[in-house]
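Visitor: Structure in structure tokens, see below.
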Amino acid sequence: MEPKKFEEAIQDQHWIDAMQEELNQFRRCNVWELVPKPRGRNIIGTKWIYRNKLDESGIIVKNKARLVAKGYRQEEGIDFDQTFAPVARLEAIRIFLAYAAYQDFKVYQMDVKSAFLNGDLKE
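Its first residue numbered 979, the sequence shown is counted upward by one per residue in my numbering.
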């Protein structure tokens, strides 16, 4: 069962371990630093998202916890002026796969753990 709230998650050691793994990943990648609250600045809160990872049979193999920023509380022009996500558009993926099939290429898929923890943010 995927918890909806932090208070539910901390009742289960598996979810506690998943949250600790996420925080350890932040530390390993050196992407998170606690700092004093700057005066006159909007603070972006965080929340935990919990998901069960399933195998082909639908059996839970891992609990995954992600700490995400509540970016929806930011105001454009005040807290940020540009947005960008380095992900491929569906159309580009379709063209790539069609060309690979046409040329009889082998196509491999991979998952990059913590891929989005590596970007530098400007103040």
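Where a beta carbon is used, it is the ideal one built from N, C-alpha and C, also for glycine. Treat the numbers as computed from the prediction; the structure is a model and nothing was measured.
What are the boundary residues of the beta strand (DSSP E) that Trp1026 is part of?
Guide: Thr1024 to Leu1032
Visitor: Can you give the beta carbon distance from Lys1031 to Lys1040, rounded, assuming they're within the 8 Å contact cut?
Guide: About 4 Å separates the CB atoms of Lys1031 and Lys1040; that is less than 8 Å, so the two are in contact.
Visitor: Sorted by chain position, which residues of the same chain lie with C-beta nearer than 6 Å to Asp976's C-beta, five sequence neighbours on each side aside?
Guide: No information on residue 976 is available, as it lies outside the stretch 979 to 1101 that the chain covers here.
Visitor: Asn1002 by DSSP, collapsed to three states: which one?
Guide: helix
Visitor: For Tyr1086, count the other beta carbons within 10 Å of its own beta carbon; 16 or more makes it buried, fewer makes it exposed. Which is it?
Guide: exposed
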